[in-house]
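Note that the protein sequences, when read in sequence, are chains A and B. Residue 154 is where the first sequence starts when you use the working numbering, and the numbers rise one by one after that. Residue 154 is where the second sequence starts when you use the working numbering, and the numbers rise one by one after that. The next block holds one structure in the form of structure tokens; read it before the comments.
2 protein chains.
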Amino acid sequence: MLIRSLEIFRAVVDTGSFSAAAERLHTVQSNVTAHIKKLESELGAHLLDRRNPVVATPAGRQLLAYASRIVELHDDALARFRPGGEPLGELRLGSMETTAAVHLPRLLAAFSRRWPQLAVHLRTGTSGELIEAVRAGQLDAAFVAAEDAGEELALRPVFRERLVLVGARPLPAMPERAELLRTPFLAFRQGCGYRRTIELLLAERRVPAPRIHEFGSLDAIVGCVSAGMGLAVLPASTVAQYRQRFDLHTLPLPDALGQVTTVVATPPPASWSRALEVFMDSLPVPEDAGPTMKEVG
Amino acid sequence: MLIRSLEIFRAVVDTGSFSAAAERLHTVQSNVTAHIKKLESELGAHLLDRRNPVVATPAGRQLLAYASRIVELHDDALARFRPGGEPLGELRLGSMETTAAVHLPRLLAAFSRRWPQLAVHLRTGTSGELIEAVRAGQLDAAFVAAEDAGEELALRPVFRERLVLVGARPLPAMPERAELLRTPFLAFRQGCGYRRTIELLLAERRVPAPRIHEFGSLDAIVGCVSAGMGLAVLPASTVAQYRQRFDLHTLPLPDALGQVTTVVATPPPASWSRALEVFMDSLPVPEDAGPTMKEVG
DNA sequence: CTTAAAAAATCATTTCCAGTGATAGAAGGG
DNA sequence: CCCTTCTATCACTGGAAATGATTTTTTAAG
Numbered sequence: 154m155l156i157r158s159l160e161i162f163r164a165v166v167d168t169g170s171f172s173a174a175a176e177r178l179h180t181v182q183s184n185v186t187a188h189i190k191k192l193e194s195e196l197g198a199h200l201l202d203r204r205n206p207v208v209a210t211p212a213g214r215q216l217l218a219y220a221s222r223i224v225e226l227h228d229d230a231l232a233r234f235r236p237g238g239e240p241l242g243e244l245r246l247g248s249m250e251t252t253a254a255v256h257l258p259r260l261l262a263a264f265s266r267r268w269p270q271l272a273v274h275l276r277t278g279t280s281g282e283l284i285e286a287v288r289a290g291q292l293d294a295a296f297v298a299a300e301d302a303g304e305e306l307a308l309r310p311v312f313r314e315r316l317v318l319v320g321a322r323p324l325p326a327m328p329e330r331a332e333l334l335r336t337p338f339l340a341f342r343q344g345c346g347y348r349r350t351i352e353l354l355l356a357e358r359r360v361p362a363p364r365i366h367e368f369g370s371l372d373a374i375v376g377c378v379s380a381g382m383g384l385a386v387l388p389a390s391t392v393a394q395y396r397q398r399f400d401l402h403t404l405p406l407p408d409a410l411g412q413v414t415t416v417v418a419t420p421p422p423a424s425w426s427r428a429l430e431v432f433m434d435s436l437p438v439p440e441d442a443g444p445t446m447k448e449v450g
Numbered sequence: 154m155l156i157r158s159l160e161i162f163r164a165v166v167d168t169g170s171f172s173a174a175a176e177r178l179h180t181v182q183s184n185v186t187a188h189i190k191k192l193e194s195e196l197g198a199h200l201l202d203r204r205n206p207v208v209a210t211p212a213g214r215q216l217l218a219y220a221s222r223i224v225e226l227h228d229d230a231l232a233r234f235r236p237g238g239e240p241l242g243e244l245r246l247g248s249m250e251t252t253a254a255v256h257l258p259r260l261l262a263a264f265s266r267r268w269p270q271l272a273v274h275l276r277t278g279t280s281g282e283l284i285e286a287v288r289a290g291q292l293d294a295a296f297v298a299a300e301d302a303g304e305e306l307a308l309r310p311v312f313r314e315r316l317v318l319v320g321a322r323p324l325p326a327m328p329e330r331a332e333l334l335r336t337p338f339l340a341f342r343q344g345c346g347y348r349r350t351i352e353l354l355l356a357e358r359r360v361p362a363p364r365i366h367e368f369g370s371l372d373a374i375v376g377c378v379s380a381g382m383g384l385a386v387l388p389a390s391t392v393a394q395y396r397q398r399f400d401l402h403t404l405p406l407p408d409a410l411g412q413v414t415t416v417v418a419t420p421p422p423a424s425w426s427r428a429l430e431v432f433m434d435s436l437p438v439p440e441d442a443g444p445t446m447k448e449v450g
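This is the structure we're talking about:
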């Protein structure tokens with residue numbers, strides 16, 4: 154049974170005529186006859202009563218229900234793959250925790266407003282886990298740290314950040330080692346990029362076993378920092394958002410540590426679904442470090 | 154896009170291998186490759202990631218949803234037409250009112266118990282209307298009076314009835330004209346065969362403008378007759394059922410009037426759906442008048 | 001009843017493609 | 001490293017989808 158045959162069958166029932174169906178489908182009447190006869194012999198039942206107009210028999214009516222649904226699904230499937238077609242279905246995304254907290258809320262909100270029929274699934278994890286999930290086909294795309302990205306996946310930078318040290322009082326320069334030793338730090342929980350940056354920063358300055366409070370909430374971190382509880386390492390753009398509500402002071406980290414790039418890892422573009430295609434289109438193109446620096450102020 | 158291609162695609166995703174899919178579908182691996190490549194070129198996207206095991210790309214996962222549904226529908230449709238296959242869907246029946254009241258309750262109850270997944274629609278009307286509806290494809294089958302059945306429809310007798318005159322007192326012979334003149338009759342409403350029989354019977358005996366009460370309920374008719382309200386004309390087999398509950402006396406009508414045959418009118422058997430097929434199978438084969446006569450007693 | 005017009009069936013022919021089998025090349029496992 | 005296993009490629013074949021011309025059937029009108 155060919156979809157083509159069902160399409161023709163449907164057209165005949167619709168138009169009530171073999172010839173009209175042929176015309177509608179841009180083929181010839183004898184071809185329509187042949188398809189119908191083939192269907193009838195395959196199913197072992199007369200499907201159409203050849204009068205004027207042609208009418209479906211009981212068996213034909215039964216087939217019509219199937220034919221309609223199958224042809225509809227077929228057309229839908231084609232439409233979904235046609236460039237410019239409406240994307241449907243779901244989009245399975247992965248993200249590092251910090252990115253999920255800092256950048257995705259705005260981005261996903263805008264995206265789902267633009268494509269309300271797309272269901273977005275978001276899963277968080279470490280860069281390594283996420284990369285593996287994309288490779289295994291469990292995720293469509295993942296936001297990961299540039300350094301962790303592996304081979305055979307398409308990578309595209311989306312966020313280029315300047316990390317800054319954040320505190321409640323002015324930070325004219327990097328605090329002395331003595332001060333760092335007695336300063337607590339606030340960070341997201343283990344496995345996140347920014348937290349690792351803190352550890353590297355302090356290790357460079359020979360600060361052993363730093364006290365690091367782990368908060369799951371960005372608001373909590375910022376609030377506590379502004380209350381003088383300690384220091385934090387955060388993306389400059391994020392801090393900028395909080396400037397209006399909190400009294401915060403920042404100090405850019407040295408380039409080697411303070412320059413972080415987040416990339417989106419996906420399978421090769423040729424295998425993207427329409428949903429993934431429009432999602433990738435919706436992602437920001439990261440500007441050079443310059444403008445980001447400006448925001449830091 | 155061929156259903157066959159979708160079937161193959163599904164098998165590949167399922168088994169995780171082109172070769173295994175080929176084996177499962179009893180074809181060769183090169184054929185599987187060809188089908189997948191054709192799909193990919195038609196849709197303009199890579200659908201499968203050729204690793205071990207083969208995994209669907211984002212685009213492939215999208216197609217998989219469609220492929221599954223289409224292949225399932227296809228298999229369902231085939232199964233529904235296969236002789237001996239489970240009938241599904243609905244059965245649109247038509248019936249004269251009296252037949253619907255007298256014979257169908259038992260018959261349809263048994264039928265729907267045997268085939269619970271079939272939805273039965275029953276519409277009542279005159280023989281002429283019903284025949285036309287079957288011809289037009291609006292009904293799958295109709296119970297009509299044998300005399301009214303037309304050409305080009307398949308007819309099969311199902312009920313052969315002896316009509317009897319029913320009263321509350323013994324009816325050794327047909328009542329005199331004088332008595333008929335003052336006797337009310339009870340019948341189903343206009344348009345029904347039995348009622349017409351009453352009118353013919355009385356016309357033969359030159360009884361003008363008979364008083365005919367029209368009841369919609371068989372129970373009401375039988376009850377009122379047994380209470381002495383008047384006479385009725387009913388199928389003998391029906392009266393037999395009520396003998397236990399009511400004190401009824403009967404007199405067979407003369408052959409010309411009393412012999413009625415109900416037939417089922419359908420399109421030609423070759424165009425029957427499976428549902429209609431099993432329904433026709435479930436219908437009783439009418440015995441000759443003999444046994445029916447016996448029931449009259 | 002006859003005739004004209006329209007529609008479906010039939011048929012010969014062409015074209016295309018699903019399926020086959022053999023082989024080459026790529027990826028993994030011991 | 002070899003050997004196995006998997007997919008891609010290729011030439012070929014059979015079958016059937018599509019085509020155009022023609023016949024047969026049906027329908028409506030005169």
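Glycine is no exception: its CB is placed at the ideal position from the N, C-alpha and C atoms. Please read these numbers as outputs of a predicted model, since none were measured by experiment.
*Local conformation of residue 305 of chain B per DSSP, three classes*: Along the second sequence, read from residue 1 onward, the residue named residue 305 of chain B stands at position 152. Secondary structure of residue 305 of chain B (DSSP, three-state): coil.
*Which chain A residues sit within Cβ distance under 7 Å of residue 429 of chain B?*
One-based indexing of the second sequence puts residue 429 of chain B at position 276. What residue 429 of chain B touches in chain A: 211.
*Tell me, please, which residues DSSP counts as bridged to residue 412 of chain A.*
Translated into the one-based positions of the first sequence, residue 412 of chain A becomes position 259. Residue 412 of chain A pairs with A:315.
_Any 3 or more C-beta pairs closer than 8 Å across the segment 261–281 of chain B and the segment 240–248 of chain B_ = Yes, since at least three Cβ pairs between the segment 261–281 of chain B and the segment 240–248 of chain B fall closer than 8 Å, the two stretches touch.
_DSSP three-state assignment for residue 256 of chain A, whether helix, strand or coil_ = Locating residue 256 of chain A in the first sequence gives position 103, counting from the first residue. DSSP, read as helix, strand or coil, puts residue 256 of chain A in coil.
*Shortest alpha-carbon distance to residue 326 of chain B belongs to which of B:253, B:300, B:405?*
Here residue 326 of chain B is taken as the residue at index 173 of the second sequence, counted from 1. For the set B:253, B:300, B:405, the Cα lying nearest the Cα of residue 326 of chain B is the one of B:405.
_Between residue 420 of chain B and chain A, is the shortest Cβ-Cβ distance under 8 Å, so that the two count as touching?_
Walking along the second sequence from the start, residue 420 of chain B turns up at place 267. The beta-carbon of residue 420 of chain B is placed less than 8 Å from the nearest beta-carbon of chain A.
*Can you give, in chain order, each stretch of the alpha helix (DSSP H) that sits fully within the segment 265–300 of chain B and has at least 4 residues?*
If we require 4 residues or more, the alpha helix (DSSP H) runs fully inside the segment 265–300 of chain B come out as 280–288.
_For residue 192 of chain B, the first and last residue of its enclosing alpha helix (DSSP H)_ = Reading the second sequence from its first residue, position 39 is the one you call residue 192 of chain B. Secondary structure note for residue 192 of chain B: its alpha helix (DSSP H) is the uninterrupted segment 182–196.
*Between the C-alpha atoms of residue 324 of chain A and residue 257 of chain A, what's the straight-line distance to the nearest angstrom?*
For this step, residue 324 of chain A is matched to residue 171 along the first sequence. For this step, residue 257 of chain A is matched to residue 104 along the first sequence. Those two C-alpha atoms are separated by around 29 Å.
_Buried versus exposed, by CB contacts within 10 Å (16 or more), residue 447 of chain A_ = Mapped onto the first sequence, residue 447 of chain A falls at position 294. A caution first: residue 447 of chain A carries a pLDDT of 34, below 50, which makes its placement in the model unreliable, though a value can still be read off. Residue 447 of chain A should be labelled exposed.
_Beta carbon of residue 417 of chain B nearer than 8 Å to that of residue 255 of chain B_ = The residue given as residue 417 of chain B occupies position 264 in the second sequence. The residue given as residue 255 of chain B occupies position 102 in the second sequence. For residue 417 of chain B and residue 255 of chain B, no; Cβs fall outside 8 Å.
_Quick check on this structure: which residue in B:168, B:366, B:158 has the alpha carbon closest to the alpha carbon of residue 189 of chain B?_
Within the second sequence, numbered from 1, the residue matching residue 189 of chain B stands at position 36. With distances taken between CA atoms, residue 189 of chain B lies nearest to B:158 out of B:168, B:366, B:158.
*Along the chain, which unbroken stretches of the alpha helix (DSSP H) at least 4 residues long are found entirely within the segment 342–413 of chain A?*
Taking only runs of at least 4 residues, the alpha helix (DSSP H) segments lying wholly in the segment 342–413 of chain A are 346–357, 371–379, 389–395, 408–411.
*Please report how far the alpha carbon of residue 225 of chain A lies from the alpha carbon of residue 231 of chain A, in whole angstroms.*
Translated into the one-based positions of the first sequence, residue 225 of chain A becomes position 72. Translated into the one-based positions of the first sequence, residue 231 of chain A becomes position 78. Distance between the alpha carbons of residue 225 of chain A and residue 231 of chain A is about 10 Å.
_Below 8 Å on C-beta distance, what does residue 376 of chain A contact in chain B?_
The residue labelled residue 376 of chain A in the question sits at position 223 within the first sequence. Residues of chain B passing the Cβ test: none, with the nearest at roughly 39 Å.
*asked:* Does the beta-carbon of residue 283 of chain B, which I'm using as the reference point, lie nearer than 7 Å to any heavy atom of the ligand ATP?
replied: The ligand ATP is not part of the structure shown, which contains no ligands of any sort.
*Can you name the residues that DSSP bridges to residue 208 of chain B?*
If you number the second sequence from 1, residue 208 of chain B lands on position 55. Answer by DSSP bridge pairing, in chain order: B:202.
*asked:* With three or more beta-carbon pairs closer than 8 Å as the criterion, would you say the segment 355–363 of chain A touches the segment 376–384 of chain A?
replied: Three or more Cβ pairs closer than 8 Å define a contact, and the segment 355–363 of chain A falls short of that threshold against the segment 376–384 of chain A.
*Keeping to the same chain, check which residues put their C-beta closer than 6 Å to that of residue 160 of chain B; ignore five residues upstream and five downstream.*
Position 7 of the second sequence, counted from the first residue, corresponds to residue 160 of chain B. Non-local C-beta neighbours of residue 160 of chain B in its own chain, meaning closer than 6 Å and more than five positions away in sequence, comprise 224, ordered along the chain.
*Indicate whether residue 383 of chain B and residue 336 of chain B have their beta-carbon atoms separated by less than 8 Å.*
As a working note, residue 383 of chain B is residue 230 in the second sequence. As a working note, residue 336 of chain B is residue 183 in the second sequence. Yes, the Cβ-Cβ distance between residue 383 of chain B and residue 336 of chain B is below 8 Å.
*Could you give the distance in angstroms between the alpha-carbon of residue 295 of chain B and the alpha-carbon of residue 216 of chain A?*
Translated into positions along the second sequence, residue 295 of chain B becomes position 142. Translated into positions along the first sequence, residue 216 of chain A becomes position 63. Residue 295 of chain B and residue 216 of chain A: Cα-Cα distance of roughly 21 Å.
*For residue 243 of chain B, which three-state DSSP category applies?*
Locating residue 243 of chain B in the second sequence gives position 90, where the first residue counts as 1. In this structure, residue 243 of chain B counts as strand in the three-state DSSP scheme.
*With 16 as the cutoff for other CB atoms within 10 Å, does residue 444 of chain A come out buried or exposed?*
Counted from its first residue, the first sequence places residue 444 of chain A at position 291. Any reading at residue 444 of chain A must be qualified, since the residue scores a pLDDT of 40, below 50, and its modelled position is unreliable; the value itself is stated next. A residue is called buried when at least 16 other Cβ atoms come within 10 angstroms of its Cβ; residue 444 of chain A does not meet this threshold and is exposed.
*In DSSP terms, what residue 232 of chain A is bridged to*: Position 79 of the first sequence, counted from the first residue, corresponds to residue 232 of chain A. Per DSSP, residue 232 of chain A has no beta-bridge partner at all.
*Give the DSSP bridge partners of residue 417 of chain B, in chain order.*
Numbered from 1 along the second sequence, position 264 holds the residue referred to as residue 417 of chain B. B:296, B:309, per the DSSP bridge assignment.
*asked:* Would you call the segment 348–359 of chain A in contact with the segment 426–443 of chain A, where contact means no fewer than 3 C-beta pairs closer than 8 Å?
replied: Two segments are said to touch when three or more pairs of C-beta atoms, one from each, lie closer than 8 Å; by this definition the segment 348–359 of chain A does not touch the segment 426–443 of chain A.
*Return the bridge partner residues of residue 248 of chain B from the DSSP annotation.*
On the second sequence, position 95 is the one that residue 248 of chain B refers to. The secondary-structure analysis by DSSP pairs residue 248 of chain B across a beta bridge with B:277, B:296.
*Which of the three DSSP states, helix, strand or coil, is assigned to residue 458 of chain B?*
Residue 458 of chain B is absent from the structure shown; chain B starts at 154 and stops at 450.
*So who's on the other strand from residue 339 of chain A, going by DSSP bridges?*
In the first sequence, counting from the first residue as 1, residue 339 of chain A sits at position 186. Beta-bridge annotation (DSSP): residue 339 of chain A is paired with A:366, A:385.
*Which of the three DSSP states, helix, strand or coil, is assigned to residue 440 of chain B?*
By one-based count along the second sequence, residue 440 of chain B stands at place 287. Assignment of residue 440 of chain B by DSSP, reduced to helix, strand and coil, places it in the coil class.
*With 16 other CB atoms within 10 Å as the buried threshold, where does residue 369 of chain A fall?*
The sequence position of residue 369 of chain A within the first sequence is 216, counting from 1. Per the 10 Å Cβ criterion, exposed.
*If you check the beta carbons only, do residue 272 of chain A and residue 239 of chain A fall under 8 Å apart?*
Within the first sequence, numbered from 1, the residue matching residue 272 of chain A stands at position 119. Within the first sequence, numbered from 1, the residue matching residue 239 of chain A stands at position 86. Taking 8 Å as the cut-off, the beta carbon of residue 272 of chain A is found no closer than this to the beta carbon of residue 239 of chain A.
_Tell me which residue opens and which closes the alpha helix (DSSP H) that residue 326 of chain A is part of._
Locating residue 326 of chain A in the first sequence gives position 173, counting from the first residue. Taken as a continuous stretch (DSSP letters only), residue 326 of chain A belongs to no alpha helix (DSSP H), as it is neither H nor E.
*Give the range of the alpha helix (DSSP H) segment to which residue 435 of chain B is assigned.*
By 1-based counting over the second sequence, the position of residue 435 of chain B is 282. For residue 435 of chain B, the uninterrupted alpha helix (DSSP H) segment begins and ends at 427–435.
*Leaving out five residues on either side along the sequence, give the residues of the same chain with a beta carbon under 8 Å from the beta carbon of residue 287 of chain B.*
Sequence index remark: in the second sequence, residue 287 of chain B carries index 134 (1-based). Correct list, in chain order: 247, 293, 294, 295, 306, 418, 419, 420.
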